[in-house]
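Residue numbers (our numbering): 173 to 359.
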């Protein structure tokens, strides 16, 4: 593992910090202010390294959003990337292409929202996705079952803004939200 730090000047000034295992974080000043997080692929080539950036506007060979917020490699070796505003992307490592999973208001089996903040694979190899609009569990058929805050229902999430996920040794799912902590039975 190595540390990669860079400073650049163009239309503005940029500062980037990355870790050698493939994550890069950037901070930029220009016509505005921006904070970006990008997924980089590092591949050894002779004595140097070759970098390829997986980022962009949504075609299969690019991530769907401007920023990646969380990454998870599941038990099957698939790479899931939670994005800011672009939903959930699944990388096919063989082809280098992404499958995009987004919120669709007309589809009750879609993600509850497109700002993905947390990913977790539970002890039964099920993927959990925390978004700013609720929590979702990926089902075997590829659809998502959502759990959201409903003010009239005491057993619902305390808040839809899911920021962190953890499964404890007893199998309970701990859900960190912007308004507090929930404990959910994953079954």
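Even glycine gets a Cβ: it sits at the ideal position worked out from N, Cα and C.
Check: Between the alpha carbons of residue 265 and residue 259, how many angstroms are there, rounded?; Outcome: 19 Å
Check: For the region 272 to 285 and the region 313 to 324, state whether three or more C-beta atom pairs, one from each stretch, are separated by less than 8 Å.; Outcome: yes
Check: If you drop the 5 nearest sequence neighbours on each side, which residues of the same chain put their C-beta closer than 8 Å to that of residue 306?; Outcome: 284, 285, 318, 319, 320, 321, 329, 332, 334
Check: Under the rule that 16 or more other beta-carbon atoms within 10 Å means buried, what is residue 354, buried or exposed?; Outcome: buried
Check: Starting from residue 348, follow its DSSP beta bridges and name the residues at the other end.; Outcome: 336, 353
Check: Assuming residue 309 and residue 300 form a contact by the criterion Cβ under 8 Å, report the distance between their Cβ atoms to the nearest whole angstrom.; Outcome: 6 Å
Check: Who pairs with residue 301 in a beta bridge, going by DSSP?; Outcome: 291, 308
Check: Residue 120: buried (16+ other C-beta within 10 angstroms of its C-beta) or exposed?; Outcome: Only positions 173 to 359 of the chain appear in the structure, and residue 120 is not among them; the question remains open.
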